[in-house]
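Participant: The following block contains the structure, expressed as structure tokens.
Chains as they are written, first to last, in this note's numbering: chain W, 88 to 202; chain R, 44 to 154.
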């Protein structure tokens with residue numbers, strides 16, 4: 088049972104336009120969400136995160152939106168640049184008394200930004 | 044500050060063999076997690092070590108094991124390798140489990 092789903096395996100966007108990557112989750116206990124970016128032959132790098140007490144978090148060109156009622160989050164990249172071409176992973180966890188649970192990752196979306 | 048390092052970067056083994064992968068976390072990070080990434084799959088959590096103790100474990104068979112040393116360096120071992128174990132194995136270190144920094148991974152190929 089996949090608790091974090093990225094239903095679009097790939098996405099192509101023109102340079103300068105907005106890229107929107109989507110992620111759905113099924114476990115309502117998740118209260119912390121992250122996006123990672125991965126280039127080939129490298130490990131994932133942290134991009135941006137959001138806590139469930141917020142519905143938006145912004146960092147430069149990257150904005151993450153969280154809709155708790157729909158169990159949906161999205162990552163917006165504006166404007167998209169060719170260097171943004173990578174695989175993007177959505178991840179989620181929740182807080183126990185002993186600390187956060189391990190991250191649960193989606194399968195990733197491959198973003199291609201076309202010049 | 045140096046990042047997470049993993050050795051070796053590439054490894055080729057045959058079925059039935061065993062393999063040991065190594066991970067050195069970012070200095071000061073006491074939590075080390077291991078993930079398996081296979082084509083078409085996301086990152087699947089293997090286990091997490093904190094202060095030399097396994098704190099969390101994913102849904103993998105007992106052939107997959109790990110340990111952590113007093114300097115926070117970690118190793119994972121896979122015994123009796125199967126073709127399906129071919130994957131990218133990623134190590135991540137963190138101060139807090141929800142903010143993980145990944146190494147470049149070890150690409151394991153089982154023939």
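Yeah, the Cβ is synthetic: ideal placement off N, Cα and C, and Gly gets one too.
1) Between the alpha carbons of residue 137 of chain R and residue 146 of chain R, how many angstroms are there, rounded?
2) So the candidates are R:78, R:84, R:50 and R:46; which of them puts its Cα closest to the Cα of residue 71 of chain R?
3) List, in chain order, every chain R residue whose beta-carbon is nearer than 9 Å to that of residue 133 of chain W.
4) Could you name the residues of the stretch 71-87 of chain R whose beta carbon sits closer than 8 Å to any beta carbon of chain W, in the order they occur along the chain?
5) Identify, in the order they occur along the chain, each residue of the same chain with its Cβ nearer than 6 Å to the Cβ of residue 94 of chain R, setting aside the five sequence neighbours on each side.
6) Return the Cβ separation of residue 60 of chain R and residue 148 of chain R in integer angstroms, given the expectation that the two are a contact with Cβ distance under 8 Å.
7) Check the Cβ of residue 99 of chain R against every Cβ in chain W and list those closer than 8 Å, keeping chain order.
8) Could you check whether residue 174 of chain W and residue 197 of chain W sit closer than 9 Å to each other, using their CB atoms as the reference points?
9) Using a Cβ-Cβ distance under 9 Å, would residue 91 of chain R count as near chain W?
10) Shortest alpha-carbon distance to residue 179 of chain W belongs to which of W:127, W:153 and W:165?
11) Name, going along the chain, the residues of the stretch 118-133 of chain W whose beta-carbon falls closer than 8 Å to a beta-carbon of chain R.
12) Would the stretch 110-125 of chain R and the stretch 125-137 of chain W be scored as touching if the rule is three or more Cβ pairs under 8 Å?
13) Enumerate in chain order the residues of its own chain whose CB-to-CB distance from residue 131 of chain W is below 8 Å, with the five nearest sequence positions on each side excluded.
14) Closer than 8 Å by beta-carbon distance: list the chain R residues that pair up with residue 194 of chain W, in chain order.
Facilitator: Working from what's here:
1) 11 Å
2) R:46
3) Within chain R, the residues near residue 133 of chain W are 142, 143, 144 and 145.
4) Taken in chain order, the members of the stretch 71-87 of chain R whose beta-carbon sits within less than 8 Å of a beta-carbon on chain W are 76, 78, 83, 84, 85, 86 and 87.
5) 73
6) Residue 60 of chain R to residue 148 of chain R, Cβ: 20 Å. No contact.
7) By Cβ distance, chain W contributes 188 and 189.
8) yes
9) yes
10) W:153
11) 119, 121, 123, 128, 129, 130, 131, 132 and 133
12) No, the stretch 110-125 of chain R does not touch the stretch 125-137 of chain W.
13) Scanning its chain for C-beta atoms nearer than 8 Å, with the 5 sequence neighbours on each side dropped, one finds around residue 131 of chain W the residues 123, 124, 125 and 176, in chain order.
14) Here the neighbours are 83, 84 and 85.
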